[in-house]
Amino acid sequence: MISITEALQLIDQHAAQLPPQQVAALTAIGCLLAEEVASDVDSPPHDKAMMDGYAVVAADLASGVAELEVIEEITAGNMPTKAVARSQAARIMTGAPIPSGADAVVMIEQTQPLENNRVRIEATGIATGKNIMPKASSLACGVTVLPSGKRLRALEVGVLAEVGRSEVSVVPRPRVAVLSTGDELVDVTEKPGPGRIRNSNGPMLLAQIAAAGGVAENLGIARDVREELTEKIACGLEADILVLSGGVSAGVLDLVPSVLAQQQVTQVFHKVHLKPGKPIWFGKRDVDGKTTLVFGLPGNPVGSLVCFELFVRRAIGILAGLTSNELQSAEVTLAETFTHRGDRPTMFPARWADATQQTALPLAWKGSADLAAMASADLLLQFRAGDAEYRAGDRLAGLIL
Ligand code: AMP
Ligand code: MG
1 MISITEALQL
11 IDQHAAQLPP
21 QQVAALTAIG
31 CLLAEEVASD
41 VDSPPHDKAM
51 MDGYAVVAAD
61 LASGVAELEV
71 IEEITAGNMP
81 TKAVARSQAA
91 RIMTGAPIPS
101 GADAVVMIEQ
111 TQPLENNRVR
121 IEATGIATGK
131 NIMPKASSLA
141 CGVTVLPSGK
151 RLRALEVGVL
161 AEVGRSEVSV
171 VPRPRVAVLS
181 TGDELVDVTE
191 KPGPGRIRNS
201 NGPMLLAQIA
211 AAGGVAENLG
221 IARDVREELT
231 EKIACGLEAD
241 ILVLSGGVSA
251 GVLDLVPSVL
261 AQQQVTQVFH
271 KVHLKPGKPI
281 WFGKRDVDGK
291 TTLVFGLPGN
301 PVGSLVCFEL
311 FVRRAIGILA
321 GLTSNELQSA
331 EVTLAETFTH
341 RGDRPTMFPA
351 RWADATQQTA
361 LPLAWKGSAD
371 LAAMASADLL
381 LQFRAGDAEY
391 RAGDRLAGLI
401 L
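Using the UniProt record's numbering, read the sequence shown as starting at 1 and increasing by one per residue.
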């Protein structure tokens with residue numbers, strides 16, 4: 001059986017960043033930009049007023065007081081029609097183009113309208129350029145605004161719009177299909193009959209995929225019947241990653257590994273020295289230039305959750321082009337002394353012990369079938385194999401949920 005570290009290394013070896021794809025900018029938040037984006041416009045496109053007020057010749061205000069003739073009114077979106085000469089001014093609104101001849105803007109609060117299209121201004125410090133943003137001072141046409149490799153946030157979507165890009169080339173979100181296997185499973189909408197349970201892993205995994213930046217595809221439930229598994233797995237192999245839950249342990253109906261083998265999915269590893277999550281299966285299919293990574297997660301809900309957070313999330317991250325920094329797990333501090341017993345490295349549910357989320361406390365937990373107790377967990381703490389006493393202040397690897 002391999003260790004968690006060896007399993008992660010094998011995932012790193014077999015997962016690769018997806019090829020770039022042109023997508024709508026609005027759907028690209030969180031994606032890695034796969035092209036250099038240059039501006040197709042000057043911003044601002046003209047010398048622009050930064051205040052509502054009057055466009056003036058600065059020299060007219062050398063004494064700090066002037067009475068000027070108002071020759072026109074310029075609103076944002078319209079072009080001036082007249083040049084401003086000495087002793088003249090144009091009423092101007094924020095964002096509007098500065099008329100020729102004017103070289104400063106006096107804000108409205110420092111002015112007083114008079115009769116006969118005249119204005120009185122009392123303002124000191126009005127020098128050339130006052131309250132004017134020069135043409136192309138934010139951005140010149142042809143200049144790179146976003147470098148390739150930048151992770152897109154909402155503000156980058158705004159920058160893309162400014163330079164006329166509604167579509168952009170990015171490393172796309174991986175498509176991740178989920179198939180829950182098991183004769184005992186009924187859909188969330190049904191009341192389970194005798195011997196049956198609801199499929200909780202399916203919805204949980206779909207939600208985990210969305211939270212991890214993947215595009216989740218729900219394949220529903222497959223019975224532990226070879227034909228049904230074969231058909232639904234074939235569907236799932238169209239995705240970038242196929243996540244199965246259940247059917248990978250040692251039961252008589254744990255058919256998943258053999259059905260995968262029949263569909264040209266090559267096993268990379270089966271079973272990891274880990275609790276919960278030991279039965280995890282990982283493989284890869286390369287057919288006709290299409291690569292699909294396949295994870296068979298244990299049916300046990302907590303095992304499923306843990307294996308997703310440890311392994312599937314990492315694979316999604318690699319396909320989406322996350323850096324090794326972004327893929328790293330956190331280190332957290334234990335808040336109180338804790339004794340952990342067990343022969344396998346254990347991902348143990350814990351909660352934050354302080355408001356700043358620096359220290360953590362393990363929860364009272366009944367083991368891998370106890371999903372309900374997990375609801376109060378904020379993170380998973382990784383304890384070593386073997387019985388050991390940990391002290392307050394010990395540093396442990398943690399997976400934040
Ligand atoms: P398996 O890995 O198929 O042997 O399943 C292990 C345990 O997990 C059994 O108790 C199953 O009933 C349970 N289980 C399997 N799949 C699911 C699922 N989708 N949702 C909730 N529990 C499940
Ligand atoms: Mg099963």
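For each residue, glycine too, the CB sits at the ideal point set by N, CA and C. These numbers were taken from a predicted model, which means no experiment stands behind them.
| Check | Outcome |
| --- | --- |
| Helix, strand or coil for D60? Go by DSSP, reduced to three states. | helix |
| Could you have a look at I126 and say whether DSSP puts it in helix, strand or coil? | coil |
| Identify, in the order they occur along the chain, each residue of the same chain with its Cβ nearer than 6 Å to the Cβ of W365, setting aside the five sequence neighbours on each side. | P349, A373 |
| CB of G299 to nearest heavy atom of ligand 2: below 6 Å? | yes |
| Are there 16 or more other CB atoms within 10 angstroms of the CB of I121, so buried, or fewer, so exposed? | buried |
| Within 10 angstroms of the Cβ of I74, are there 16 or more other Cβ atoms? Answer buried if so, exposed if not. | buried |
| State yes or no: is the C-beta of L179 within less than 7 Å of the C-beta of A222? | yes |
| Can you tell which of M51, G182, V143 has the C-alpha that lies nearest to the C-alpha of A90? | M51 |
| Whether or not the segment 13-31 and the segment 103-121 are in contact is what I'm after, with contact meaning three or more pairs of Cβ atoms, one per stretch, closer than 8 Å; do they touch? | no |
| How far does the beta strand (DSSP E) with Q382 in it extend, from its first residue to its last? | 379-383 |
| Which of the three DSSP states is assigned to E238 in this structure? | coil |
| Is it the case that the CB of G247 approaches a heavy atom of ligand 2 more closely than 6 Å? | yes |
| Terminal residues of the continuous beta strand (DSSP E) containing I11? | Where I11 is concerned, there is no enclosing beta strand (DSSP E), although the alpha helix (DSSP H) it sits in stretches over 4-14. |
| So, with DSSP's three-state summary, where would you put I197? | strand |
| For ligand 2, is there any heavy atom lying closer than 6 Å to the beta carbon of G142? | no |
| Can you name the residues that DSSP bridges to F348? | L381 |
| Here's a check: name, in chain order, each residue in its chain whose Cβ is nearer than 8 Å to the Cβ of Q263, leaving out the five neighbours to either side. | T230, I233, A234, L237, R285 |
| Going by the CB atoms, is the gap between P113 and P99 shorter than 7 Å? | no |
| Would the segment 170-185 and the segment 193-212 be scored as touching if the rule is three or more Cβ pairs under 8 Å? | yes |
| Alpha carbon to alpha carbon, how far is T128 from D378? | 58 Å |
| Alpha carbon to alpha carbon, what distance is there between V37 and L363? | 48 Å |
| Pull up the CB-CB distance for F282 and I2, whole angstroms please, since I reckon it's below 8 Å. | About 10 Å; that fails the 8 Å criterion. |
| Could you tell me if the beta carbon of G283 falls within a distance shorter than 6 Å of some heavy atom in ligand 3? | This structure lacks ligand 3; the ligands present are ligand 1 and ligand 2. |
| Quick check on L26: buried or exposed, where buried means 16 or more other Cβ atoms within 10 Å of its Cβ? | exposed |
| Look at A55 and A102 and say whether their C-beta atoms are less than 7 Å apart. | yes |
| What number of angstroms, rounded off, separates the C-alpha of L327 from the C-alpha of G317? | 7 Å |
| How many Å lie between Q267 and A360 at the Cα? | 36 Å |
| Smallest Cα separation from L253: which of D240, H273, V243, R226? | R226 |
| Is DSSP giving N300 helix, strand or coil here? | coil |
| Excluding the five sequence neighbours on either side, which residues of its own chain have a C-beta within less than 7 Å of the C-beta of D370, listed in chain order? | V302 |
| Let me make sure I understand the geometry here. Which of D343, S368, L401 has the alpha-carbon closest to that of G386? | D343 |
| Taking just the CA atoms, how far does S148 sit from L310? | 29 Å |
| Which of helix, strand or coil does DSSP assign to V218? | First, the residue type needs correcting, since residue 218 is Asn and not Val in the sequence shown. DSSP places N218 in strand when its eight states are reduced to three. |
| Is G214 near ligand 1, going by C-beta to nearest heavy atom under 6 Å? | no |
| Between the C-alpha atoms of G299 and R151, what's the straight-line distance to the nearest angstrom? | 35 Å |
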